Amino acid sequence: MIINTILISISILTTGAIILVEDWRYRLSLVVLIELIGFILIIQIWPIALASVKLISGWMGIALLATTFIYSSPRNESLSPVSSRIFRLMLITFGWVLVLVSAERFNEWLPISYTNLFIGLVFFISGMIYLALRMNSIDTVLGLLIFFEGFDVIYSSLEGSALITGIFGIIIIFICLTGSYLEGGFTFGGTE
Amino acid sequence: MTGAFVWIILPLVVSIILIFTRRYFQISNWLQIATSLGLALLGMFSTTDLVNKTPLQVLEFAPVFNILGRSLVIDSNLRSFAIIFYFFLGFWSLALLIFKVRSRIVPLGMTFFALLISSLAVEPFLYSALLVEIAVIVSVIMVADTSSESKKGVLRYLVFFSFGVPLVLLAGWYLAGGEITPVNEGQLIQATLLLGLGFVFWLGVFPFQSWIPLIAEENRPVESLLLLIVMPVVIIMLLLKYLNGFVWLREYQSVFQGLRIFGLIMVITGSTWSFFEKNIKRLISYLLIVSTGMMLLSIGLGQPSGIYLAVYLVFVRLSAFFVLAWTFFIIQREEADFSINSLKALFFRSPAVGISSLIAFFSIVGMPLSAGFPVMQSVYAYLSASDRWLNISAVFSTGIISIVLIRLSFLVFSQTHEKNSQRISLTTIEKLFCILLIIFLVTAGLFPGTTLSGFEDAVNGFEFLVK
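These protein sequences, in sequence, are chains A and B. First residue of the first sequence: 1, per my numbering; consecutive thereafter. First residue of the second sequence: 1001, per my numbering; consecutive thereafter.
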């Protein structure tokens, strides 16, 4: 019970922080933390080998993005005005409230652990809000990672297939690869 | 040997080989053309259905390929579909060769098509959403022009398809549960809503259609149009597979009503937007939205004839937009102007290009004697019998597009001294290619039965939908 409360609290704080922070290093670190929270939740249901696949693929993808950031030297993002931060905080708070009021109802549809459902929904909504707030390629990829982590936490509790785990791992790495490609991290031949 | 090995694994292997030989682009392209056309021909002379074998089908492939406890099933439907798709890729690659275009379609096109076919082949088919997502990611790399300032289109495409994946997977989980225990009304509504929303994201139904014109505008038409032509066709086939596979989904009346409404929304929004559009690339993308909407309208009829009409519309889509894509490539090669004014005096600058573009446009809208005419006319007839207002709305929308096309025709045949002198230079083989395209579209319009009957096999296997 205490662990569940701690996990829920950390997931709320992490998603709040990722919406607010400007430095890409912090954002990547927070996505790493989100992947770790997902792993801790999934390991309670699944064998460690399968759960590890998700964690490793997620971290590999983030490492790939970090490498792209280092070599492509992203623009230094200037600090956004306070009003913008307040707006973003209010938006994510709205997301949390939405999850809080709807989680029990969702639990009637999806017969899984309440903690998994709550945290899954928090990530899911946060991913969507993140995608709505940031427009560039890498941030789109980070948003998708958060979004998919939320879905993964929920779906893993419903379906324990090794094939889905494998394909999901491939998807996560491919998404990061795409983000890296779009940011100029690597090229795939030229066009004329 | 299994069908999945031939039409999924083999193309993937060839695609990987092509990555390494890509430096020698011409050779790689030839290899891709040979493989694609070879796979299509192999499909014509082989079968995966040993019971209904024809004398022409001299080769036999096992339909089921097992992998990690799941199966990739190439039935007669999917074999026909693979034939269509590999022919399309083969001819698209041939056009790349003729027009000397270096593109990432070689080799990623083959990976993309193999993944799309695998998404239709996987059993249990709730896994298809994941394979669609991988295909989407590959297509982003294939299409995205990294030199382009804005990448909004591909990013939105990636995001919207990713949003659709959880919805379709969850719906699949619900529906799969329903195969074991009966599903109550509430669960059915939830599953239908999830599935519906997933397909709305995937098909680009208003208001989630913004990625379609953006992709067309921001990227080269050679890659972007291949994606925009093919992707919705696969999603439609996936939808048919879901409808055929789950008994209470197809018996739930709201499903077909929903399809009709979504189809109508696409037709109306696509035609309205196209009326105000000045950019050719965006205009084509709106016509693609209308084409997808028409397919949904046909399926929404909830009759076997509607399913056949949808697949006939696939033929019109593949053929007419193929011609349009390459016609506009030629125009773009001459001048980097994408406004509709670039069509001014097109007929006098190059009669072959002017005529092929007009015939393609008229096929899309279903003008008499064009390839689209018999199909569109049947769609209107069935819509009229089903719901008069639906038919009036669809005809009105097509009327709007017709006005756009008449405007374009005036431009094509308009004479301006300045433009007339700017002749479009085409090599002999390029001219021949354009003339062959014109002959193909005209023949398809004059003898629709011969061309359309080949497409029926792609849906004949959906026994609960077509019988």
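Beta carbons: idealized from backbone N, C-alpha and C, even for Gly. Quick caveat: nothing in here was measured; it's all calculated off a predicted structure.
* To do: Can you give me, in chain order, the residues of the segment 1002-1014 of chain B that have a beta carbon less than 7 Å from any beta carbon in chain A?
  => none
* Curious, which full-length alpha helix (DSSP H) runs of at least 4 residues does the segment 1125-1204 of chain B contain? -> 1128-1143, 1152-1180, 1185-1203
* So residue 37 of chain A and residue 62 of chain A are in contact, right, with Cβ under 8 Å, and what is the actual spacing, rounded? -> With 8 Å as the limit, residue 37 of chain A and residue 62 of chain A do not qualify as a contact, their Cβ atoms being about 14 Å apart.
* To do: With DSSP as the reference, please indicate the residues paired to residue 1067 of chain B in a beta bridge.
  => B/1070
* To do: Indicate whether residue 112 of chain A and residue 154 of chain A have their beta-carbon atoms separated by less than 8 Å.
  => yes
* How should residue 26 of chain A be labelled, buried or exposed, when 16 other C-beta atoms within 10 angstroms of its C-beta is the threshold for buried? -> exposed
* residue 1003 of chain B: which of B/1235, B/1188, B/1321, B/1078 sits nearest, CA to CA? -> B/1078
* Asked: Is residue 1034 of chain B close to chain A, meaning its C-beta is less than 8 Å from at least one C-beta of that chain?
  -> no
* Asked: Are residue 1395 of chain B and residue 1274 of chain B closer than 8 Å when you measure CB to CB?
  -> no
* From the beta carbon of residue 125 of chain A, is the nearest beta carbon of chain B less than 8 Å away? -> no
* **7 Å Cβ shell around residue 40 of chain A - same chain, five flanking residues per side excluded** => 7
* **Same chain only: Cβ atoms within 7 Å of residue 1358 of chain B, ignoring 5 sequence neighbours per side** => 1409, 1412
* When you check each C-beta in the segment 1050-1071 of chain B against every C-beta of chain A, which residues fall closer than 9 Å? -> 1067, 1068, 1069, 1070
* Give the secondary structure of residue 1059 of chain B by DSSP, where H, G and I count as helix, E and B as strand, and everything else as coil. => strand
* What residues in its chain sit with their C-beta under 7 Å from that of residue 1008 of chain B, if we drop five residues either side in the sequence? -> 1072, 1114, 1117, 1118, 1121
* **C-beta atoms of residue 1297 of chain B and residue 1263 of chain B nearer than 8 Å** => yes
* To do: List the endpoints of the continuous alpha helix (DSSP H) containing residue 1389 of chain B.
  => 1388-1413
* To do: Out of B/1259, B/1281, B/1267, B/1325, point me to the one whose CA is closest to residue 979 of chain B's CA.
  => In the structure as shown, chain B starts at 1001 and stops at 1467, and residue 979 of chain B therefore has no counterpart that could be examined.
* How is residue 122 of chain A classed by DSSP in three states: helix, strand or coil? -> helix
* Since residue 1106 of chain B is in the alpha helix (DSSP H), which residue starts that stretch and which ends it? -> 1105-1121
* List the endpoints of the continuous alpha helix (DSSP H) containing residue 169 of chain A. => 162-182
* Residues near residue 32 of chain A in its chain [Cβ-Cβ closer than 6 Å; skip 5 each side] -> 62
* Where does residue 136 of chain A fall in DSSP's three states? -> coil
* Would you mind sorting residue 132 of chain A into buried or exposed? The rule is 16 or more other CB atoms within 10 Å of its CB. => exposed
* **C-beta atoms of residue 143 of chain A and residue 127 of chain A nearer than 8 Å** => yes
* Is any beta-carbon of chain A found at less than 8 Å from that of residue 1190 of chain B? -> yes
* the segment 1125-1137 of chain B contacting the segment 1059-1068 of chain B, beta-carbon criterion three pairs below 8 Å -> no
* **Cβ shell of residue 145 of chain A (< 6 Å), same chain only, five flanking positions each side left out** => 31
* Asked: What's the call for residue 44 of chain A, buried or exposed, on a 16-neighbour Cβ count within 10 Å?
  -> exposed
* **Nearest to residue 124 of chain A (by Cα), restricted to the options A/135, A/159, A/96, A/185** => A/96
* **C-beta contact flag for residue 1424 of chain B and residue 1353 of chain B at 8 Å** => yes
* To do: Please classify residue 1047 of chain B: does DSSP put it in a helix, a strand, or coil?
  => strand
* Might you give, ordered along the chain, the residues of its own chain that have their beta carbon closer than 7 Å to the beta carbon of residue 1278 of chain B, omitting 5 neighbours on each side? => 1339, 1340
* List the DSSP bridge partners of residue 1279 of chain B. => B/1339
* In three-state DSSP terms, what is residue 1002 of chain B? -> strand
* **Segment contact flag, the segment 1006-1021 of chain B with the segment 1163-1176 of chain B, C-beta cutoff 8 Å, min 3 pairs** => no
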